[in-house]
Structures are given as structure tokens and as C-alpha cells.
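Each residue of the sequence shown is one higher than the one before, starting from 17 at the first, in my numbering. Each residue gets a CB set at the ideal place from its N, CA and C atoms; glycine is no exception. None of these values were measured; they are calculated from a predicted model. Notes to accompany the following structure.
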Amino acid sequence: MSGKLPSGHTYKELEGEESEVLKERFHLYQEGIVLANPGNYYLPKPFVDFAEKIYNFEEIVWNLVKNPDLNNPEADISIDSRCPFFEVDYIFCFTDGPKYDPKGELIRSFYKHFPDKDPIRDGLMIHLASVHPDPRLLKNHLPYTFLPEDMLKKAKTVCLARDPRDIAVSGYHYHKLQKILDYTGTLEEFVDDFMNDRVPVPFGPWWDHMRLHWEIRNHPNFLLLFYEDLKENPEAEIKKIDKFLGTKRTDEQIKNVARYTSFSNMKERTKRNPPTSFDNAFFKKEVEEKGGSFFRKGKAGSWKEDLPPHLQEKMNSWMKENLTRFDDDFKYKA
């Protein structure tokens with residue numbers, strides 16, 4: 017299997033021993049793996065079916081734009097209903113994966129607008145995005161080269177980057193938590209897969225993804241932020257987003273959004289109002305009970321606590337090798 021994506025990337029199905037090892041570790045690869053170039057992106061095979069739909073067509077930003085006074089009733093519904101998440105369409109197409117809750121707001125909204133469509137086969141999120149009221153807020157983790165070619169001309173993009181060492185740890189726990197991802201390898205194996213760009217898009221490859229966005233950081237329709245800055249001074253970073261989007265919020269409204277979207281408040285709200293978009297098979301209960309919830313730590317630099325010394329050294333060496341591709345003022349250092 018080989019071909020060309022609408023974005024211009026060529027792809028070829030991965031075969032042989034490497035393919036079998038990765039299929040064993042990553043449940044997301046169960047249908048097969050395709051390598052897309054340029055960039056050497058490891059993609060779940062179903063991505064090919066949804067690439068054209070994505071190409072032709074989070075919480076802080078949504079509240080800043082639509083809930084600055086904390087009185088919008090839509091704030092209580094799933095973030096995926098308010099801000100469609102494109103990757104869900106090609107992740108949820110597995111026949112043995114978790115299913116959408118037939119009574120949830122996502123499915124009800126889908127069939128209201130598209131009674132003759134199938135949310136799994138045709139893509140639930142991409143269809144909901146097409147009928148969202150302006151201003152539309154859309155979410156994805158894809159490199160921008162997989163998105164519409166004229167995206168930066170027609171839309172504003174906010175990109176949030178994070179230290180790759182923290183992402184490796186967070187990604188490992190996330191893959192362990194989600195049944196659809198169902199990672200079977202160890203932390204060390206995940207770190208090795210992450211550093212060698214074998215973790216499936218949208219969860220990698222980090223350096224190529226970061227380089228693409230670093231190169232356009234000064235584009236007038238692109239705002240690059242860093243997770244560590246957001247944790248250290250959320251109000252200052254939210255003001256940057258406010259200026260970038262032209263929402264012209266007051267200082268009190270900025271404080272509202274910062275307080276409402278703090279890690280502790282979002283974690284507490286999730287406990288009180290758990291998401292209803294998916295059935296109980298979405299998260300592994302045994303992992304959640306051991307402290308592996310979606311809102312796990314929310315700390316910057318926690319890799320220093322979670323990675324053993326030999327993996328810290330390994331990742332620091334990996335960073336030194338790749339930092340030569342960036343300017344001296346790049347945020348992250350080895």
C-alpha cells in the first residue's frame with residue numbers, strides 16, 4: 017500500500033519486524049502503519065482515509081472567546097463538543113475500540129445535522145466542525161503541513177509547545193490510560209520509541225513538529241506559546257492570546273479565565289462532571305485508580321522526578337543532538 021496524501025506527503029505501508037513490534041506495543045497501529053514523507057511520520061493506517069477530510073476543511077481559548085464572564089451554559093458540556101478534536105475520527109474507527117455514547121451530546125448533535133451519515137465511517141468531528149457557529153474553535157495535534165495549505169491566510173492558530181521530556185512521560189501514562197491506545201511496552205521502550213519518532217502521529221515526532229512551528233513563529237496569524245510559561249504566569253500568557261485574537265477582554269475577565277482553567281479547577285470539575293461522550297471503556301479503570309487519570313500532575317519539569325537517571329541522560333543527549341537545528345533563543349535546553 018502506497019500513495020500520496022492531499023498535503024503532498026507520500027506514504028508507504030510499513031512491513032516486517034519493526035511493524036510487528038510496534039503493532040504489539042501500540043494498539044493504535046493494529047490496522048497497520050504507514051510512513052509519510054517528508055518528515056518520516058509514523059501514522060496509523062486509517063489516517064489515510066481521513067487525511068482528505070482534514071486537509072479540505074482548548075479550554076483557555078474557548079473560555080477567553082466564549083465564556084469570559086463564566087456564565088456560558090455551554091461550559092458544562094464536553095470540550096470535544098465545544099471544540100472538535102480532529103484526530104478522534106481516525107483513532108475511533110477501530111471496530112474493537114470504545115464507542116460513542118449514543119445518548120451523548122456529540123452523537124445527538126451529529127445525527128441532528130447528518131441523519132444519513134455514520135459517525136465512525138464518515139468522521140464525527142470533521143462533520144461537527146463544519147456546522148459549528150462562528151467563531152469556530154478547532155483542536156488538533158497535527159503538524160501544520162497536514163492541515164489546509166491556506167490555513168495561515170484564513171485562520172488564527174495558537175500552538176502550545178511543551179518540553180519533550182515531559183511529553184515523553186505524559187505520553188507514556190496517557191497511552192497506558194486509554195484503552196484505544198493500550199500501550200503494552202515499558203517506560204523505557206516508550207522513551208526509545210518517542211526519541212526514534214516511532215510514536216504514532218499525533219503524538220510524535222516532536223523535533224520535526226516543533227521545527228515546523230518554530231520556523232513560522234513570527235507569522236502574524238500564528239502564536240507560539242510554551243506550557244512552562246503558561247504554568248508560571250497564566251494571566252500574562254492569556255493576555256497574549258487575548259491580544260492575538262483581538263478579543264479585548266478586561267483584566268477581570270482575564271482573571272476569570274485564568275482561575276477557571278487552572279489545572280486544579282479543571283481536575284475538580286472533571287470529577288464532579290465526568291465526560292459523557294464515550295462509554296466506560298474509554299479509560300482503563302484500573303489505571304485511573306492508581307492515579308493515572310487524564311489530569312495527572314500538570315507540572316512543568318516533572319520528568320526530573322519520573323525518569324530514572326539513565327533515561328534522563330539518554331534524553332538530554334538526544335536533545336543536544338537536535339538543538340543544533342534551532343536558534344540560541346529556543347526555549348528548551350539539554
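Per-residue burial, residue i [other beta carbons within 10 Å of its own, 16 or more giving buried]
| i | result |
| --- | --- |
| Pro89 | exposed |
| Arg137 | exposed |
| Asp345 | exposed |
| Glu268 | exposed |
| His129 | exposed |
| Asn83 | buried |
| Glu253 | buried |
| Pro60 | buried |
| Asp132 | exposed |
| Asp179 | buried |
| Gly187 | buried |
| Met226 | buried |
| Arg124 | exposed |
| Ser18 | exposed |
| Pro100 | buried |
| Gly32 | exposed |
| Val147 | exposed |
Rounded C-alpha distance that separates residue i from residue j
| i | j | result |
| --- | --- | --- |
| His229 | Leu176 | 10 Å |
| Leu339 | Asn87 | 44 Å |
| Glu244 | Thr277 | 15 Å |
| Glu29 | Lys195 | 24 Å |
| Leu327 | Val207 | 8 Å |
| Leu158 | Val217 | 7 Å |
| Lys119 | Asp85 | 30 Å |
| Leu246 | Asp105 | 29 Å |
| Leu122 | Lys20 | 32 Å |
| Val185 | Asn212 | 15 Å |
| Asn79 | Arg275 | 11 Å |
| Lys330 | Lys320 | 13 Å |
| Ile95 | Glu75 | 7 Å |
| Ser333 | Asp322 | 18 Å |
| Val77 | Phe238 | 14 Å |
| Asn234 | Tyr160 | 15 Å |
| Asp295 | Val273 | Residue confidence is low: Asp295 scores 41 on pLDDT, short of 50, so the model does not pin down where it sits. Its coordinate-derived value is still stated next. For Asp295 and Val273, the distance between alpha carbons rounds to 30 Å. |
| Thr200 | Glu47 | 16 Å |
| Thr292 | Pro236 | Because Thr292 carries a pLDDT of 47, less than 50, the predicted location of this residue cannot be relied on, and the following value inherits that uncertainty. If you take the alpha carbons of Thr292 and Pro236, they lie about 37 Å apart. |
| Glu165 | Ala171 | 11 Å |
Per DSSP, cross-strand counterpart(s) of residue i
| i | result |
| --- | --- |
| Cys175 | Leu240 |
| Val104 | None, per the DSSP bridge assignment. |
| Ala52 | Tyr27 and Tyr57 |
| Lys155 | Phe101 |
Enclosing beta strand (DSSP E) for residue i [first to last residue]
| i | result |
| --- | --- |
| Lys39 | Note, Lys39: premise wrong, no beta strand (DSSP E); alpha helix (DSSP H) at Glu33 to Arg41. |
| Lys20 | Ser18 to Lys20 |
Closer than 8 Å to chain C by CB, residue i
| i | result |
| --- | --- |
| Gly201 | Absent here is chain C; the protein component of the structure consists of one chain. |
Cβ-Cβ separation, residue j to residue i (assumed contact under 8 Å), whole Å
| i | j | result |
| --- | --- | --- |
| Glu103 | Asn156 | 6 Å |
| Asn53 | His25 | 6 Å |
| Met335 | Ala316 | The pair is not a contact, with the Cβ atoms about 16 Å apart (cut-off 8 Å). |
| Thr263 | Val81 | 6 Å |
Continuous alpha helix (DSSP H) stretch holding residue i: start and end
| i | result |
| --- | --- |
| Val215 | Note, Val215: premise wrong, no alpha helix (DSSP H); not H, not E. |
| Lys336 | Pro325 to Asn338 |
| Glu321 | Trp319 to Asp322 |
| Asp267 | Asp267 to Tyr276 |
| Ala91 | No alpha helix (DSSP H) holds Ala91; DSSP gives it neither H nor E. |
| Tyr160 | Premise fails: Tyr160 is in no alpha helix (DSSP H) and is neither H nor E. |
| Arg233 | Counting along the chain, Arg233 falls outside any alpha helix (DSSP H), and DSSP gives it neither H nor E. |
| Ile257 | Pro250 to Leu261 |
| His148 | No alpha helix (DSSP H) holds His148; DSSP gives it neither H nor E. |
| Lys264 | Segment: none, Lys264 is in no alpha helix (DSSP H) and carries neither H nor E. |
| Asn83 | Unbroken run through Asn83: none, as it is neither H nor E. |
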